[in-house]
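Residue numbers (my numbering): 65 to 577.
All C-beta atoms, glycine included, are put in the ideal place defined by N, C-alpha and C.
Read the structure below first, then the notes.
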Amino acid sequence: MKSMLALIGFDHVVVARNAETAMSVCRKTDFDFILCDYNLGAGRDGYQLFEALKAEHCLKHSCCFIVVSGERHRQAVYGMIEFLPDDYLLKPFSYAELERRIGRAFQVKRALTYAYQMIAEENYPEAIQACDISLEQYPVYHAYIQRLKGELLVKVGRYKEAELLYTEVLAFRDLPWAKLGLAVAKGYQEQDTEAEDMLIELTDQPETKIEALDWLTRLYLSQNKAEEAFNTVRAVAEASPKNYLRQHVLANLAVINNQTELAVRVHSKLLQAAKYSIYDTADNMLNYARAMIQNAQSMSVRERGKVIGKVDYFLKEVKKRFNPSSYEHDKLVIEARAAVLEGKTDKATSLLQQSEELSLGRTLSASALLDRARAYFETGNLAMSDHYMGSLNTLSQSSDLYNKALNMMFLSEQDKYSHKRATMMASHNAGMEAYSLGQYSEAISYFIEAQKTMPANASIAMNLLQAISQRGRLNEDLIYLVHKCMNLIDDAELPKEQRKRYHFIKEQIEQML
65 MKSMLALIGF DHVVVARNAE TAMSVCRKTD FDFILCDYNL GAGRDGYQLF EALKAEHCLK
125 HSCCFIVVSG ERHRQAVYGM IEFLPDDYLL KPFSYAELER RIGRAFQVKR ALTYAYQMIA
185 EENYPEAIQA CDISLEQYPV YHAYIQRLKG ELLVKVGRYK EAELLYTEVL AFRDLPWAKL
245 GLAVAKGYQE QDTEAEDMLI ELTDQPETKI EALDWLTRLY LSQNKAEEAF NTVRAVAEAS
305 PKNYLRQHVL ANLAVINNQT ELAVRVHSKL LQAAKYSIYD TADNMLNYAR AMIQNAQSMS
365 VRERGKVIGK VDYFLKEVKK RFNPSSYEHD KLVIEARAAV LEGKTDKATS LLQQSEELSL
425 GRTLSASALL DRARAYFETG NLAMSDHYMG SLNTLSQSSD LYNKALNMMF LSEQDKYSHK
485 RATMMASHNA GMEAYSLGQY SEAISYFIEA QKTMPANASI AMNLLQAISQ RGRLNEDLIY
545 LVHKCMNLID DAELPKEQRK RYHFIKEQIE QML
């Protein structure tokens, strides 16, 4: 291979035998061209290497990146702005084929040099003007230039111009990228029916199926059609199981659709999908533990115990991979939620306090913020739960598929918790009214309903206990509730007056037992 490249005309050729060596070399040198085998042995594959190089800004805008593989790979028809690999070369290939493909890639890059430079600087209007100049200077690469210009027009919100461009291209040739681009432009102009019909049609074509499903999911998300978005992304995730972001979108939409068990399975797959990639982080691993805790909310006490054991074991596995100091603040929140499941509210509160101290000055991920909001709600600290729910609103409002799904999940969670709070307050207030009227059995029923929503709330437990204290005799169910409430209140930090009130109620209850 090195001799082939030398014959083509490359003066300086560096050979890297694995992804880590390639990363090291690329950090030191700005290469004009990279020929990368997809199969790099143990560790990152060729595409994961490409993503890592992009993430670390190790590829200059004029660099040509060609992936070599023994298997045929589907080339993207939309996404030139994101700087995808310039080509995929199927093994075996001849010297002539290699020279032709490299030559074409370089010529296209040269024709679009200034446009890509402006994209790298995020000056998209200037990049559009650069495309117009390139069309005059390099008419032979008309299709490449128009394709890039169309995506740029969409990027800056000039959707009508993008629609006209794609329509003009399709008048001459039936090109997949132009069909998809036209559907995208119509979608952004809220021509939803036309966009949906076009995207559904494109899902039947192999070269556009994956991306059409992606954009169809995005369209459904913009219409707040959670179920349709979930079913669509599930189909694309099955067709593209190695794509981390698509799998993550599936997990988020599963939560919205109350399929928490599926979310656990998807996050389990993401552990493997992220391995060696830029997504291989402690936060990604913790997402699996978070999903298990969330799924355990609706389980029996016995089943919860099994899940807590799994979570505890898994957190030890995370420690083997990552430095605990980098994620301890998030781990404590997961442990706090596990403590709530065990009925150990005091322990959960203490763990959350420790987490807050360790979190000072740190930037929390979206998943970590949501986990904290849930943890504080479960421990009865509504003020802190509201604080973290509010923090979710300040996150990225980007229109890409991942962020659209993330934002929908946040809105869904906020709606769920608002509904839970309203339901809890209604039950609690009804219980207070029933108690004031001397309707103690009804009051007990209402307080039990309120406690289902917020089992760790000491105030609800106190009111329930007081209502029970007004009953003449206690059956087994009420005795169980008494001990449950007393354990909860004993662990809670109460103001002096509330502590005094509790002791009075407790004395009454003990006389009844």
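It is roughly 8 Å from the alpha-carbon of Thr267 to the alpha-carbon of Glu275. In the DSSP annotation of this structure, Cys127 is not part of any beta strand (DSSP E), being labelled neither H nor E. Counting every other CB atom within 10 Å of its CB across the protein chains shown gives Gln417 a total below 16, marking it as exposed.
By the beta-carbon neighbour count (other beta carbons within 10 angstroms, threshold 16), Phe474 is buried.
For Ile342, no alpha helix (DSSP H) encloses it, and the DSSP letter there is neither H nor E.
Gln534 and Tyr504 have their C-alpha atoms some 7 Å from each other.
The segment 173-180 makes contact with the segment 110-127: 3 or more CB pairs, one atom from each, lie closer than 8 Å.
Counting only residues of its own chain and dropping the five nearest sequence neighbours on each side, Val330 has a CB closer than 6 Å to the CB of Gln311, Leu314, Ala315. The residues Ala179, Met182, Ile183, Leu216, in chain order, have a CB closer than 7 Å to that of Ala191 in the same chain once the five nearest residues on each side in sequence are set aside.
As computed with DSSP, Leu154 is found in a beta bridge with Ser133. Nearest Cα to Lys384 within the set Tyr340, Leu239, Ala346: Ala346. Annotation for Leu422: Glu392, His393, Leu396 place their beta carbon closer than 8 Å to its own, counting only its chain and skipping 5 residues before and after. Cβ-Cβ distances below 7 Å link Leu212 to Met144, Leu176, Ala179, Cys195 in the same chain, with the five nearest sequence neighbours on each side left out; the list follows chain order. DSSP, reduced to helix, strand and coil, places Asp101 within a strand of the structure shown. In this model, Arg168 and Glu271 are separated by some 21 Å (Cα to Cα).
Judged by DSSP in its simplified three-state form, Met356 adopts helix. At a cut-off of 4 residues, the continuous stretches assigned as alpha helix (DSSP H) that sit fully inside the segment 534-574 are 540-555. If you ignore the 5 residues before and after Leu283, its C-beta comes within less than 8 Å of the C-beta of Gly251, Asp256, Ala259, Glu260, Leu263, all in its own chain and listed in chain order. Taking the Cβ atoms as the reference, Leu309 lies roughly 16 Å from Phe294, outside the contact range of under 8 Å. For Thr272, the secondary structure class from DSSP, reduced to helix, strand or coil, is coil.
The Cβ neighbour count for Asp109, taken over all protein chains shown within 10 Å, is at least 16; the residue is labelled buried. Counting along the chain, the unbroken alpha helix (DSSP H) around Tyr111 starts and ends at 110-119. Taken through DSSP and simplified to helix, strand or coil, Lys306 comes out as coil. The segment 107-122 makes contact with the segment 83-99; the number of CB pairs closer than 8 Å reaches 3 or more. A buried status is given to Tyr208, since no fewer than 16 other beta-carbon atoms sit within 10 Å of its beta-carbon. With 16 or more other Cβ atoms from the protein chains shown falling within 10 Å of its own Cβ, Glu442 counts as buried. For the segment 469-508, there is no continuous beta strand (DSSP E) assignment of 3+ residues that stays within its boundaries. Annotation for Gln572: Ser533 place their beta carbon closer than 8 Å to its own, counting only its chain and skipping 5 residues before and after. Look at Val404 here: in three-state DSSP terms it is helix. Selection Pro559, Val132, Asp94 evaluated against Met65 yields Val132 as nearest (Cα-Cα). Here the alpha carbons of Ser491 and Arg537 stand approximately 24 Å from one another. In this structure, Ala249 is the residue among Gly107, His547, Ala249 with its C-alpha nearest to the C-alpha of Gly221.
At a cut-off of 4 residues, the continuous stretches assigned as alpha helix (DSSP H) that sit fully inside the segment 195-251 are 206-219, 223-236.
Contact between the segment 492-501 and the segment 465-472 is absent, with fewer than three C-beta pairs closer than 8 Å.
With distances taken between CA atoms, Leu104 lies nearest to Asn82 out of Tyr111, Ala525, Gln210, Asn82. Only buried fits Thr409, as 16 or more other CB atoms lie within 10 angstroms of its CB.
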